[in-house]
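Right, one structure below, let's go through it.
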Amino acid sequence: MKEFNKMNKKKTDIFVITHKDFYMPDINGYSPILAGAKYNSATISLKDNSGDNISFLNHSFCELTAQYWVWKNVSLATNVGFVHYRRFFYKKRFDNNASNILSLDEIEKVLLSKDIILAQKMPLRRSVRDDYARYHNLADMLKVREILKKSYPGYVPAFDGLMESHSFSPFNMFVSSRQLFAEYMNWLFDILFQAKNEIDFSEYDKYNQRVFGFIAERLLNVWVIGKGLNVQYFPVYQNNDNVIVTEFKNSLKKILFVK
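Residue numbers for the sequence shown, in this note's numbering: 4 to 262.
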């Protein structure tokens with residue numbers, strides 16, 4: 004942690020969240036960070052289990068444990084962002100080569116006129132509400148709405164609007180100013196820690212025990228909508244994606260299903 008803060012003289016910090024050792028493309032200014040390091044022996048040097056941390060909650064908070072660690076322990080640059088070991092923001096469609104990943108210079112240029120960078124919206128056949136209910140426990144999201152109504156009532160219309168929409172930006176990936184990042188972290192973790200005290204996920208299967216990661220994917224969208232942020236969307240592909248097939252499927256979904 005001290006070594007990272009000491010060397011941090013960049014205008015932008017991009018953290019590549021991973022839960023295992025992986026091949027890291029040679030991209031200037033991108034720093035891998037190990038999420039759930041408390042129970043993980045991967046050799047990534049930057050870990051989320053020192054200082055003020057929630058690394059032990061990784062099984063239910065997923066990549067958010069790394070975001071929390073960065074928020075609490077790193078002297079950040081002007082801009083901060085998060086991608087995944089197998090997912091990056093790409094500047095052009097149909098190209099998932101490392102040379103097409105957004106550079107720090109390109110990110111900084113975008114943020115001169117935009118508030119935040121998000122993943123290209125994922126089109127859904129159903130509403131966000133019905134899609135969540137299909138794969139997870141909808142009662143958890145309804146509990147989150149109750150928390151919003153009590154603690155952040157101004158965000159309830161954004162929540163309701165997102166739940167009825169047919170797309171959202173997934174993956175808990177974003178880049179913003181450090182001020183917006185800190186504001187989002189305060190808002191998000193206040194809600195999630197309240198939800199953690201009210202949601203019993205002890206009987207969920209391993210996939211659905213990642214409940215707070217899934218909730219946060221939707222809440223990132225709610226926060227952006229509720230604040231009226233100016234968004235720049237970029238495509239996101241997995242490293243091994245056939246991007247032409249992926250784009251064709253997404254285009255077809257938009258034609259057939261998106262309202």
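Ideal Cβ placement from N, Cα and C applies to all residues, glycine included.
Comparing alpha-carbon positions, the option among R221, W226, S170, G32 lying closest to Q123 turns out to be S170. In the pairwise beta carbon analysis, the segment 67-77 is classified as not touching the segment 88-95: fewer than three pairs are separated by under 8 Å. Annotation: T46 is outside any alpha helix (DSSP H) and is labelled neither H nor E by DSSP. Excluding its 5 nearest sequence neighbours in each direction, S179 has C-beta neighbours in its own chain below 6 Å: I119, listed in chain order.
Between L165 and V131, the gap from beta carbon to beta carbon is short of 8 Å.
Secondary structure at T15: strand, using DSSP grouped into helix, strand and coil.
Secondary structure note for L67: its alpha helix (DSSP H) is the uninterrupted segment 67-76. Relative to the Cα of Y210, the nearest Cα in the group Q197, F64, L121, V159 belongs to F64. A122 is bridged by DSSP to F237.
Sorting I17, H139, K50, A185 by C-alpha distance to the C-alpha of D24 places K50 at the top.
Per DSSP, reduced to three states, the secondary structure at L114 is coil, with no helix or strand assignment.
Exclusion of the five residues before and after L105 leaves F92, K94 as the residues of its chain whose Cβ lies within less than 6 Å of its Cβ. The residue among A185, G216, E206, E186 with its C-alpha nearest the C-alpha of L195 is G216. Nearest to D133 by alpha-carbon distance, out of Q212, Y158, R221, is R221.
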